[in-house]
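Heads up: the sequence shown at position 674 corresponds to 679 in our numbering, and the numbers run straight through without jumps. Ideal placement from N, C-alpha and C gives every residue a C-beta, glycine not left out. All remarks here apply to the structure that follows.
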Amino acid sequence: MKSILVSFLFSFVSLSITAQDGKAYFLSNPCLTPDGQTVIFSFEGDLWKANVNNGQASRLTAMQGYETSPRVSPDGKWIAFTGRQYGNADIFMMPVNGGEIRQITYHSANDEVTSWSWDSKSIYFNSARMGQIAGFKVSAEGGTPARVFGNYFFQFDHNLFEHPHPGNIFNDTWESINQVQRKRYKGPFNPDIQSYNPKTKQYKRYTDWEGKDFGATIDKNGNVYFISDEANGEYNLYTLDNGKKKGLTRFSSSIKTPQVNANGGKIVFERDYQLWLYDVRSDKENKLEISIIRNNTLPKEKDFDVRGNISAFDVSPDGKKLAFVSRGELFVSDVEGKFIKQVNRNSAERVKEVKWLSNNKTLLFNQTLDGYSNWYSMPADSSGTPRRLTDDKKNNRSIVLNAKRTKAVYLSGRDEVKLMDLKTMDSKTIVKDEIWGFQNASPGFSPNDEYVLFTAYRNFEQDILVYNIKENKTTNLTNTGITETDPAWSADGKYIYFTSQRLRPSYPFGMASAKVYRVPLEKLDEPYRIDKFNEMFKEEKKDTTKKTVNADSAKAMVIDTDLIMERLEQVSPNLGAQFLQGLYQKGEKTTVLYTSNHGEGRNALWKTVIEPFEQNKTEKIAGTDNVFGTDIIEVSDKLFVLLNGTINKLSLDANKADPVNISYTFRRNLSEEFDQMFYEAWAQMEEGYYDDKFHGLNWNKTKEYYKQFIPYLNTRADLRVMLNDMLGELNSSHQGFGTFGDDETIALQNQTMETGIIFNNENPYTVQYVAKRSVADRKAIDIKPGDVLVKVNDEEVDKSMDRNYYFTVPSRDRELRLSFNRNGQIVNVKVHPQATLFNNLYDEWIDNNQKRVNEKSNGRIAYGYMKNMGQGELEQFIIDMTQELNSKDALIFDLRYNTGGNVHDEVLKFLSQRTYLRWKYRDGALSQQSNFSPADKPIILLTNEQSLSDAEMTSAGFKALKLGKIVGNETYHWIIFTSGVSLVDGSSVRMPSWGCYSLDGKDLEASGVQPDIKVINTFEDKLNGRDPQVDRAVEEILKMLGRK
6 MKSILVSFLF SFVSLSITAQ DGKAYFLSNP CLTPDGQTVI FSFEGDLWKA
56 NVNNGQASRL TAMQGYETSP RVSPDGKWIA FTGRQYGNAD IFMMPVNGGE
106 IRQITYHSAN DEVTSWSWDS KSIYFNSARM GQIAGFKVSA EGGTPARVFG
156 NYFFQFDHNL FEHPHPGNIF NDTWESINQV QRKRYKGPFN PDIQSYNPKT
206 KQYKRYTDWE GKDFGATIDK NGNVYFISDE ANGEYNLYTL DNGKKKGLTR
256 FSSSIKTPQV NANGGKIVFE RDYQLWLYDV RSDKENKLEI SIIRNNTLPK
306 EKDFDVRGNI SAFDVSPDGK KLAFVSRGEL FVSDVEGKFI KQVNRNSAER
356 VKEVKWLSNN KTLLFNQTLD GYSNWYSMPA DSSGTPRRLT DDKKNNRSIV
406 LNAKRTKAVY LSGRDEVKLM DLKTMDSKTI VKDEIWGFQN ASPGFSPNDE
456 YVLFTAYRNF EQDILVYNIK ENKTTNLTNT GITETDPAWS ADGKYIYFTS
506 QRLRPSYPFG MASAKVYRVP LEKLDEPYRI DKFNEMFKEE KKDTTKKTVN
556 ADSAKAMVID TDLIMERLEQ VSPNLGAQFL QGLYQKGEKT TVLYTSNHGE
606 GRNALWKTVI EPFEQNKTEK IAGTDNVFGT DIIEVSDKLF VLLNGTINKL
656 SLDANKADPV NISYTFRRNL SEEFDQMFYE AWAQMEEGYY DDKFHGLNWN
706 KTKEYYKQFI PYLNTRADLR VMLNDMLGEL NSSHQGFGTF GDDETIALQN
756 QTMETGIIFN NENPYTVQYV AKRSVADRKA IDIKPGDVLV KVNDEEVDKS
806 MDRNYYFTVP SRDRELRLSF NRNGQIVNVK VHPQATLFNN LYDEWIDNNQ
856 KRVNEKSNGR IAYGYMKNMG QGELEQFIID MTQELNSKDA LIFDLRYNTG
906 GNVHDEVLKF LSQRTYLRWK YRDGALSQQS NFSPADKPII LLTNEQSLSD
956 AEMTSAGFKA LKLGKIVGNE TYHWIIFTSG VSLVDGSSVR MPSWGCYSLD
1006 GKDLEASGVQ PDIKVINTFE DKLNGRDPQV DRAVEEILKM LGRK
């Protein structure tokens, strides 16, 4: 026992020394005790404390999940903080010197501590439990939280701090809470420092900088400190000096989360992922030298299995071996997957694609280098080292080898198609065109290697082109305004097969109802039966002449482009959507393989067999359900297919896919993986970002700044913070890095069961009303205002407890039994609980707008609203208009708070419809064509500072088409079209690749859309139920109609 203890102590001391010798980074969310002598902060997901003078840190918590946002009560006795041990963020409290931890809030929405009341009896926090983010207050003794500033749905008040005099200081925009990492934003949704006193109704705005002022913190004397980017575009510390804004720091890198001590005089904050302290009296700042035990487990190797996690593969030409990729690592096995070896590359860089060369011994693969994918080769048996074949600062990808494996074609960067000689391994550019850096179809060769087949973009849509290698000539075969993609040349050279939706563009809607087509490259006739009959009587003559085969004497391809698009033949079924995956040709029989959902509504792999003198036969491939994309490899008349991470043998005769049972444990460590992910995320943005000036940012310099912190990453959460900070430097909307791994899995989970019952804010067990359209809004459910909740599922409630405690469980129940006291009588009801109140309260806001318009216009004006620009909201908007518009004289179309999507074109087409003729049945009434003609009537479009993304596209189009006036506020400046790029572990980076510009060339991301009549709804308007924007829209329309 003695030796074990000594060993343990030795390990602990060694760990401490190692940690203390290094620098402590990713210390976050700091606060100070009232005397300013102790700092409390979050590190590696736990709370720690340290003296600000000697910096030796000790751990305070060790809960599951992450503990953040500590705040010390003004009396110095308690720490309130946010903990995530149940998956969601709840408020907890503990003594400042350690002790029992008590849970204060119970709700599956995230609750984030912001501050204490000055009497140390209440805690303020942010929560979206009522649908949108808002400020709440809860007693430190527990109980049900109350909303601080009323119940307006789109209020967004957060970061509440009690001011000793004027009231609660707060912010009320996304840019000060969930978009803090977006730097240098200037626009109508910028945050300012404001205050409001609910008792006196006194409101005040302290700052009016067009950029960002947020994150206020206050001492007991009423001194306010906050963040602003006004000086140099970086977040620095500011104060209010006699009501005027004054800068206190001038750092060249941004600060975060400042907190002043309650007694005043010192402000702690984050900078460069370390803690800093500003002393008010001396007007100086210094970095806190925190000594902390760093328990960094990221370098520790973890086990992974290739089973079900294969992302790319190839089969050797001899049909005996597989090469495949799993989590960025490269493997080789026999074709049955029994004998597996990891290829020793001596690198943690990510492999994405792999091919066998013709000698059956050498692998060709791409691997990241400084974040970019480049080509390498090496012996498959690991007897040599990787040989780098390219050194490009762009992503080389989508490689395809010709049948003889003597040439390869691939895509490079945004605009190049390249050809590689597999003997010399030299590459050359053969085409420069608008290829795009991702969302590409793979290129290919004609059967005789005369042509390269590829796609390029024209007006956002893909065309199919061929490049003649000898003649150095490119021909556009399709040249339409819609997309033709995934082309494949038939083995006999007669056809090109592809996927297309021929009735509408793929952007921005996607290829709904796509089909598989083929186009004959010449004006081919159908075969004749008489020819087949005559062949039966022909005698075969043996040719005894010795012939020399010339490899370059293959028959030249003939492409007749005359009326080529009129020769299209649909191959796949009429129902559902189909996407071409591959071709297999044997004799005169061609098998076309594609994914389709036409069977039972679920995607699967299907085949259509085309054979002369036979009807096309379409059948499903068994064992391929829920497949969306595949890789199909043909070797020696055998087919292999990658389905959902598993290699399968594909039997076309038996119509089934049989999985190859491959299991192999390999090891990676997250430290090297995170390093690789950082560079790849940066490189993807460098290659794919929509603005080649990067919004004026030096993107290379940005990489150099952030890469210095990579060695100090402790957790996945640190990586998430750092990469989102780096992306935020671009001042872009639609950006972010999302990641989740088993290392963050929390066993315990919570789900709050909502009933649709809105309880009184001051009396939290008393019913105020039942939300319309909620589960409690049913005929048989008898709940009335004033009812008092007394039981939940037969358990008597304790009114001193948080009411949500009784509704928060590991998973939502199917049914709830509730008992209410109604004037001394017990009323029992049953409800089927719902997940959230969001849509009920949102619809309530819309209903109030509708009522307001009806009342102020005497029913003359139709009101239409869209929550987002998705297909569902588009359809609901049109349904609403079919019910209401024809009987009204005008339309108010409201896009305030709209969160975007991609249906702008459909909305504008509908709004643009005008009457162009009339018709009628004999003795009937004249009716119009089109049936719905909104443009015949006055239209007002309502926008505000949170009309974003596709709502801004719609607003710009509305203005350009002169469909009416825009009333309200300038739109958000939040409009870049994006997609996503996956990283090695399944994490993703949003890729804003498509800018949106007005007809006069303005980048809407920078300019937004200006209203014709500017009207701003203030914070006080929202609190008091006023809506000047709707009122002005009604007024303008009534002017146009002439008041009656």
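May I ask which residues mark the beginning and end of the alpha helix (DSSP H) holding residue i?
i: residue 707; result: 704-712
i: residue 913; result: 909-917
i: residue 959; result: 955-965
i: residue 687; result: 675-693
i: residue 1011; result: 1009-1012
In whole angstroms, what separates the C-alpha of residue i from that of residue j?
i: residue 1; j: residue 325; result: With the chain represented from 6 up to 1049, any question about residue 1 goes unanswered, as that position is not in the structure.
i: residue 18; j: residue 715; result: Per-residue confidence for residue 18 stands at a pLDDT of 34, beneath the threshold of 50, marking its modelled position as unreliable; the derived number appears in the next sentence. Distance between the alpha carbons of residue 18 and residue 715: 25 Å.
i: residue 40; j: residue 208; result: 31 Å
i: residue 182; j: residue 742; result: 17 Å
i: residue 865; j: residue 908; result: 28 Å
i: residue 625; j: residue 643; result: 19 Å
i: residue 362; j: residue 906; result: 45 Å
i: residue 757; j: residue 783; result: 21 Å
i: residue 993; j: residue 689; result: 11 Å
i: residue 474; j: residue 455; result: 6 Å
i: residue 588; j: residue 943; result: 55 Å
i: residue 333; j: residue 97; result: 40 Å
i: residue 58; j: residue 293; result: 8 Å
i: residue 437; j: residue 350; result: 32 Å
i: residue 393; j: residue 267; result: 60 Å
i: residue 926; j: residue 887; result: 21 Å
i: residue 513; j: residue 876; result: 12 Å
i: residue 262; j: residue 898; result: 40 Å
i: residue 793; j: residue 837; result: 19 Å
i: residue 407; j: residue 450; result: 6 Å
i: residue 497; j: residue 458; result: 15 Å
In this structure, what does DSSP give as the bridge partners for residue i?
i: residue 700; result: According to DSSP, which records beta bridges pairwise, residue 700 is partnered with nothing at all.
i: residue 361; result: 368
i: residue 1058; result: The structure shown does not extend to residue 1058, since the chain spans only 6 to 1049, so no value can be given for it.
i: residue 727; result: Paired residues: none, contrary to the question.
i: residue 869; result: 898
i: residue 600; result: 584 and 610
i: residue 978; result: None; residue 978 has no bridge partner.
i: residue 458; result: 449 and 471
i: residue 108; result: 97
i: residue 310; result: 670
So residue i is in the beta strand (DSSP E); what residue range does that whole segment cover?
i: residue 116; result: 116-121
i: residue 639; result: 636-640
i: residue 339; result: 334-339
i: residue 984; result: 981-987
i: residue 242; result: 241-246
i: residue 76; result: 72-77
i: residue 221; result: 218-223
i: residue 282; result: 279-284
Legend entry - Within the region 765-816, ranges of the beta strand (DSSP E) (whole runs, at least 3 residues): 772-775 and 793-797
Legend entry - the region 721-728 touching the region 980-987, judged by at least three CB pairs closer than 8 Å: no
Inset, instruction - Would you be able to state if there are at least three C-beta pairs under 8 Å between the region 999-1017 and the region 970-977? - result: yes
Inset, instruction - Just list the beta strand (DSSP E) runs in the region 37-104, keeping only unbroken ones of 3 residues or longer that don't cross its boundaries, in chain order. - result: 43-48, 51-56, 62-64, 72-77, 83-91 and 93-100
Legend entry - Length at least 3, wholly inside the region 372-418: the beta strand (DSSP E) runs in chain order: Uninterrupted beta strand (DSSP E) stretches at least 3 residues long and entirely within the region 372-418 occur at 377-384, 401-406 and 412-417, given in chain order.
Inset, instruction - Taking 8 Å as the threshold, find out whether the region 494-508 comes into contact with the region 603-612 through three or more Cβ pairs. - result: They do not touch, by the three-pair rule.
Inset, instruction - Within the region 178-208, note down every full beta strand (DSSP E) run reaching 3 residues or more, in order along the chain. - result: 199-202
Legend entry - Meets three-Cβ-pair contact criterion under 8 Å: the region 135-153 and the region 161-173: yes
Inset, instruction - Tell me, please, whether the region 106-115 touches the region 143-152 by the rule of three or more beta-carbon pairs shorter than 8 Å. - result: yes
Inset, instruction - State whether the region 310-327 contacts the region 726-738, with contact taken as three or more CB pairs (one from each stretch) at a distance under 8 Å. - result: no
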